[in-house]
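>
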Amino acid sequence: MSHQLPPLDDLVACHQCDTLHVAQTLPAHTRAYCKRCGAVMMTSQPAAMARIISLALTAFIMMIAAISFPFLTLDAQGLHNATSVLDAVLAFNEGLAIPLAVAVAFFIIVIPLIRLGALIYALGPLVRDQPPRSGAKRAFGLAERLRPWSMAEIFIVGVTVALIKVAGLAAVTIGPAFWAFAGVVIITVLKDQMICRYSIWEALE
Amino acid sequence: MGSTGITSGLMSAREAGLVACQRCGQVHAKGVPYCKRCDGPLQSRDTESLQKVWAWLIAGMIAYVPANLYPMLLTNTLVEHSESTIIGGVVDLIHHGSWGIAIIVFVASVMIPIGKFLAVIYLAVSVKNKSGANQHERHVAYELVEFIGRWSMIDVFVVAILSALVQLDTIATINPGIAAVSFALSVIFTMLAAQSFDSRLIWDADRMQDD
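Protein sequences appear in the order of chains S and W. The first sequence begins at 302 in the numbering used here and counts up one residue at a time. The second sequence begins at 4 in the numbering used here and counts up one residue at a time.
(1) Threshold first: 4 residues or longer. Then list the alpha helix (DSSP H) segments lying entirely within the stretch 111 to 173 of chain W, N to C.
(2) Does lysine 492 of chain S have its Cβ less than 8 Å from a Cβ in chain W?
(3) By the criterion of Cβ-Cβ separation under 7 Å, what are the contact partners of glycine 43 of chain W in chain S?
(4) Would you call valine 30 of chain W buried or exposed, if buried means 16 or more other Cβ atoms sit within 10 Å of its Cβ?
(5) Which residues, taken in chain order from the stretch 447 to 462 of chain S, show a beta carbon closer than 7 Å to some beta carbon of chain W?
(6) Note the first and the last residue of the continuous beta strand (DSSP E) segment covering methionine 343 of chain S.
(7) Can you check DSSP and say which residues form a bridge with histidine 381 of chain S?
(8) Could you please give the first and the last residue of the uninterrupted beta strand (DSSP E) stretch that includes glycine 333 of chain S?
(9) Let me confirm a value: tryptophan 502 of chain S is counted as buried when at least 16 other C-beta atoms fall within 10 Å, else exposed. Which label applies?
(10) Establish whether the CB of serine 15 of chain W and some CB of chain S are separated by less than 8 Å.
(11) Output needed for glutamate 140 of chain W: all residues of its chain with C-beta closer than 8 Å, excluding positions within five of it in sequence on either side, in chain order.
(12) Can you tell me whether DSSP reads threonine 176 of chain W as helix, strand or coil?
(13) May I ask which residues mark the beginning and end of the alpha helix (DSSP H) holding leucine 312 of chain S?
(14) Let's test the definition: count the other Cβ atoms within 10 Å of the Cβ of histidine 84 of chain W and tell me whether it reaches 16, buried, or not, exposed.
(15) So the candidates are W/Gly152, W/Ala196 and W/Tyr37; which of them puts its Cα closest to the Cα of alanine 111 of chain W?
(16) Quick one: is alanine 481 of chain S buried, meaning 16 or more other Cβ sit within 10 Å of its Cβ, or exposed?
(17) Does any residue of chain W have a CB that is nearer than 8 Å to the CB of leucine 312 of chain S?
(18) Would you call the stretch 173 to 188 of chain W and the stretch 52 to 71 of chain W touching, i.e. three or more CB-CB distances under 8 Å?
(19) Got a sec: which bits of the stretch 403 to 416 of chain S sit with their beta carbon under 8 Å from any beta carbon on chain W, in order along the chain?
(20) At least one CB of chain S closer than 8 Å to the CB of valine 108 of chain W: is that the case?
(21) With a 10 Å radius around its C-beta and 16 neighbouring C-beta atoms as the bar for buried, classify valine 403 of chain S as buried or exposed.
(22) Assign serine 369 of chain S to one of two classes, buried (16 or more other C-beta atoms within 10 Å of its C-beta) or exposed (fewer than that).
(23) How about leucine 251 of chain S and alanine 463 of chain S: are their beta carbons less than 8 Å apart?
(24) Is the beta carbon of lysine 133 of chain W less than 8 Å from the beta carbon of leucine 53 of chain W?
(25) State the Cα-Cα distance for the pair isoleucine 399 of chain S and lysine 39 of chain W, rounded to the nearest angstrom.
(26) Hey, quick one: how far does the alpha helix (DSSP H) through leucine 397 of chain S stretch, first residue to last?
(27) Residue ranges of each alpha helix (DSSP H) run of no fewer than 4 residues wholly in the stretch 411 to 443 of chain S, ordered along the chain?
(28) Go ahead and label asparagine 178 of chain W buried or exposed: buried means 16 or more other beta carbons lie within 10 angstroms of its beta carbon, across all protein chains shown.
(29) Around the C-beta of serine 500 of chain S, are 16 or more other C-beta atoms found within 10 angstroms, so that it is buried, or is it exposed?
(30) Can you give me the C-alpha to C-alpha distance between methionine 302 of chain S and methionine 14 of chain W, rounded to a whole angstrom?
(31) To the nearest angstrom, how far is the alpha carbon of proline 426 of chain S from that of glutamine 494 of chain S?
(32) Quick check: histidine 316 of chain S and glycine 28 of chain W, are their CB atoms within less than 8 Å of each other?
(33) Using only the alpha-carbon positions, how far apart do threonine 10 of chain W and valine 323 of chain S sit?
Printed below as a string of structure tokens:
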């Protein structure tokens, strides 16, 4: 090639289209997009690490609450049925549907918790200006790889749809776990918005 | 737009004889097996991408057939026993006048899966033909498929919640049908199809092939 390339460490390639860019320090609260395909390449948030960690911790605690407290309660003609998030998972408890129970448990509880735990493990020491833990790279890589399989937000929309379906049939009471779960969803979205993969990988190096 | 600078024109790492890490963006000389920054495996292009895409896609399309033929929900009330398929559920909602919810379920369970099948076929065929047309449109299609595909799971979660909630012994019970399993499989398989697709291939068509 006839082009004179800058040192490799100054370059950054778009993960979606492989186009090379020269990495630069971004002004605060800005994002850098790929010149070619428009994918977000970097975001700059002051104190992003501390915020990500605190949001992840909050979400983790709320997730525990969401699993433990009653989620929805149904009352119709004197009969009463309280449902937790675990009951929703266990709805698929017969025969061929059992693997689906496992999958649903992973999508709405286990994978969100693993992602949060991995983030806290990987980024925790960085916030306190300590060197990264061993395995921090693997933990952050896992959290990123699991992102599409964490479906808590889809579950909440599903719950809303189910509520409207049942509304005519019976009285449904929304329990504290519902709000905790909704909180987890909102916090997770905020947290994922703040994650700049480029700078986190750089910090973990 | 942001402030990443560009090297002379727009060049891909592959054209420059380099290989980039898809996880962290770090650029390496060709032939380096693992990323020095994040330890991820390096691959300039996933040469088996299309093969994997077709395999997962076909599996997803096969699983989508029983998902529509068999019942999603089994409802028992004092007076009747009914089984509803995906489409049947949408029709019921329309009869009850819940247009908004009917539209959400229809979009999530019918339009998104079928749209996703078509979009992935289109992406795979155009990459196979090394088409240089509509790169931006195809990239948007790819991002949409990646982003929206998961949302088809809504119906599975609705079934889970309804089945857990409506367990009122004699008055009414709702139980999941076998279609919920095949529908979930279909969604999982198509998500894997989309993830197997190497989006960098879209942008390669009009670039110099230097190997």
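For each residue, glycine too, the CB sits at the ideal point set by N, CA and C.
According to the structure shown:
(1) 115 to 131, 138 to 151 and 157 to 168
(2) no
(3) Gly442
(4) buried
(5) Pro449, Met452, Ile455, Phe456, Val458, Gly459, Val460 and Val462
(6) 341 to 345
(7) S/Asp376
(8) Note that residue 333 of chain S is alanine in the sequence shown, not glycine. Looking at the DSSP string, the run of the beta strand (DSSP E) that includes alanine 333 of chain S is 331 to 334.
(9) buried
(10) yes
(11) none
(12) strand
(13) No alpha helix (DSSP H) contains leucine 312 of chain S, which is instead part of the beta strand (DSSP E) from 312 to 314.
(14) exposed
(15) W/Gly152
(16) buried
(17) yes
(18) yes
(19) Ala404, Val405, Phe408 and Ile409
(20) yes
(21) exposed
(22) exposed
(23) Residue 251 of chain S is absent from the structure shown; chain S starts at 302 and stops at 506.
(24) no
(25) 42 Å
(26) Element bounds for leucine 397 of chain S: n/a, residue is neither H nor E.
(27) 412 to 428
(28) buried
(29) buried
(30) Interpretation of methionine 302 of chain S is limited by its pLDDT of 45, a score under 50 that renders its predicted location unreliable; the figure taken from the coordinates is listed afterwards. Rounded to whole angstroms, methionine 302 of chain S to methionine 14 of chain W spans 11 Å at the Cα level.
(31) 21 Å
(32) yes
(33) Only weak support is given to the placement of threonine 10 of chain W: the predicted model assigns it a pLDDT of 40, under 50, and the value that follows is read from those uncertain coordinates. Approximately 7 Å, taken between the alpha carbons.
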